[in-house]
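Under this note's numbering, the first residue of the sequence shown is numbered 1, with each subsequent residue one higher. Glycine included, C-beta positions come from ideal geometry on N, C-alpha and C. Shown next, in structure tokens, is the structure this report addresses.
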Amino acid sequence: MLPKNQLIIIGAGGHGKVVLSTALACNKTVLGFIDNDQTIHHTELNDYPVLGDIDFIHRNQHAYAVLAIGHNATRKNIAIQLSPDLKSPALIHPAAYVHPSAQIGCGTVVFAGAVIQPDVIIGEHCIINTGTTVDHDCVIGNFVHLAPGVHLAGNIIVKEGAFLGIGSVVIPNTLIGAWAIVGAGSVVIKPVPPDLTVMGVPAKEFA
């Protein structure tokens with residue numbers, strides 16, 4: 001059984017590298033990665049070992065782990081598979097700004113250059129990527145991914161599992177529905193229904 005507070009990163013891909021960088025910047029002790037791809041077991045990623053598959057968490061229930069999987073539905077499914085053994089701290093890069101009144105859910109990672117303003121609520125296992133800004137009073141559901149350079153104005157609600165692509169912008173008081181997708185560089189000026197993909201300036205439904 002592992003000592004408490006050893007951090008494991010779930011997902012040994014490109015996103016895992018950035019989560020590793022964030023964890024180390026937060027002065028976490030990282031044990032290594034786990035990944036279900038057996039072909040990379042017992043290899044290394046950025047000098048840290050790939051220890052095995054997700055059953056490693058069930059065998060080491062005192063370990064803390066962060067999901068480093070960019071695909072929202074996959075990230076949710078693995079979180080469910082590992083429940084109740086998954087213990088996930090939030091990681092906030094020291095080069096990010098998070099207002100003291102903001103609430104950050106467990107397992108959420110806030111990358112360098114992100115800005116989280118007053119009274120923002122962010123759910124569990126979210127990705128707040130590099131250089132993203134979330135303004136006052138926004139509410140972000142679980143398993144949301146805000147890609148690099150996303151800008152949310154104030155009083156926006158983003159429901160569970162939504163994905164906002166790189167450089168997208170959302171005007172104030174807008175609702176983004178559950179599992180919706182906003183394409184890269186889009187400007188959202190009206191509500192986006194659940195499960196819909198929109199893109200463009202202004203953002204429109206993409207068939």
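Item: Counterpart residues of residue 103 in DSSP-defined beta bridges; Value: 121
Item: Alpha helix (DSSP H) segments (min. 4 residues) lying fully within the segment 64-101; Value: 72-82
Item: Outcome for residue 204 when other beta-carbon atoms lying within 10 angstroms are tallied against a minimum of 16; Value: exposed
Item: Residue 66 beta carbon less than 8 Å from that of residue 23; Value: yes
Item: Simplified DSSP assignment, three categories, for residue 56; Value: helix
Item: Expected contact under 8 Å - CB spacing of residue 183 and residue 199 to nearest Å; Value: 3 Å
Item: Segment contact flag, the segment 33-51 with the segment 79-92, C-beta cutoff 8 Å, min 3 pairs; Value: no
Item: Beta strand (DSSP E) runs contained entirely in the segment 11-37, provided each spans 3 or more residues; Value: 30-34
Item: Beta-carbon contacts of residue 161 that lie in its chain and below 6 Å, excluding the five residues immediately before and after; Value: 72, 143, 178, 179
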